[in-house]
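Numbering (the working numbering), first residue to last: 14 to 260. Just so you know, even glycine gets a beta-carbon here, dropped at the ideal spot from N, CA and C. Predicted model only: the values in this text are computed from it and were never measured.
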């Protein structure tokens, strides 16, 4: 979803570009959810749709893919936890992953490389990645040039009310993404990171944002939804090898 106003160009990858500025946000809710929770029969028990069993781990996995707070997937895990069922991600794991400063701190504690970052509701210094930190807006921007800080901060903090999380971008660094499905990734350079991401965050489906530093270091930067309906045939086959569906 691009910023309103002139001078922006829509890209095919869902980003919007403006001179010195890249913006990305979640789709409209009806596009993000992609499903209405239904109940499926499983061994005489009724469980929500998009929930499978992970035999190796001995727990259920919530495979809705959009784990934002108050989305349907959040309540699926909440209900299963209330019934005493072991499920991942838990509600706590969703919040740890989708609140940017919590994500970065959890990754750091797990030994995963992360960029320098700080929280503010006002001034920041480009080049940075800026993520919103409030329950009413999910948006991110890459700010490359000076002179845009106040406009971006005012927009993303809702007139300097809510916080934003800013990650320093090393010189000549690039921002990239990889898709993680139960700790696996089809791109070879990200396979080990995808495994460690699953071990630390227990998000079965995720589009993981990384910072690619010039020296070859890959810094874990954030996570976006990866709805089940958006999986490729190969990703679904990979998923089906490690989970059991009800029925």
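| Asked | Found |
| --- | --- |
| May I ask you to report which of helix, strand or coil DSSP gives residue 73? | strand |
| Measure how close the beta-carbons of residue 181 and residue 156 come, nearest whole angstrom, since I'm counting them as under 8 Å. | Actually they do not touch by this definition, with Cβ atoms about 11 Å apart. |
| Does residue 148 pass the burial test, meaning 16 or more other C-beta atoms within 10 Å, or should it be called exposed? | exposed |
| Where does residue 63 sit, in a helix, a strand or coil, going by DSSP? | coil |
| Use the C-beta contact count for residue 75: other C-beta atoms within 10 angstroms, 16 or more gives buried, fewer gives exposed. | buried |
| Looking at C-beta atoms only, is the number of pairs between the stretch 127 to 134 and the stretch 240 to 251 that lie closer than 8 Å three or more? | no |
| I think residue 215 touches residue 102, with their Cβ atoms under 8 Å apart; what is that distance to the nearest whole Å? | 5 Å |
| Please report the distance separating the alpha-carbon of residue 208 from that of residue 196. | 4 Å |
| Rounded to a whole number of angstroms, what is the C-alpha to C-alpha distance between residue 161 and residue 88? | 38 Å |
| Which residue marks the beginning of the beta strand (DSSP E) containing residue 176, and which one marks its end? | 176 to 181 |
| Using only the alpha-carbon positions, how far apart do residue 179 and residue 236 sit? | 15 Å |
| Consult DSSP for residue 151 and reduce its assignment to one of helix, strand or coil. | coil |
| Can you tell me where the alpha helix (DSSP H) with residue 220 in it begins and where it stops? | Unbroken run through residue 220 is the beta strand (DSSP E), 218 to 225; no alpha helix (DSSP H). |
| Can you tell me which of the three DSSP states residue 56 falls into? | Residue placement at residue 56 cannot be trusted, given a pLDDT of 45 that sits under 50; what the coordinates show is reported in the next sentence. Note: residue 56 maps to coil in three-state DSSP. |
| Would residue 95 be called buried (16 or more neighbouring beta carbons within 10 Å of its own) or exposed? | exposed |
| DSSP puts residue 241 in a beta bridge; with which residues? | None; residue 241 has no bridge partner. |
| On the CB-based measure, 16 or more other CB atoms within 10 Å of its CB, does residue 239 come out buried or exposed? | buried |
| By the three-class DSSP mapping on this structure, what secondary structure does residue 197 have? | strand |
| Give the DSSP bridge partners of residue 233, in chain order. | 223 |
| Using the three-state DSSP reduction, which class does residue 89 fall into: helix, strand or coil? | helix |
| Are residue 108 and residue 117 closer than 9 Å when you measure CB to CB? | no |
| Closer than 9 Å, CB to CB, is residue 107 near chain D or not? | Judged by its chain identifiers, the structure shown contains no chain D, having just a single protein chain. |
| List, from N- to C-terminal side, the alpha helix (DSSP H) runs of 4 residues or more that fit wholly inside the stretch 91 to 139. | 104 to 111 and 113 to 122 |
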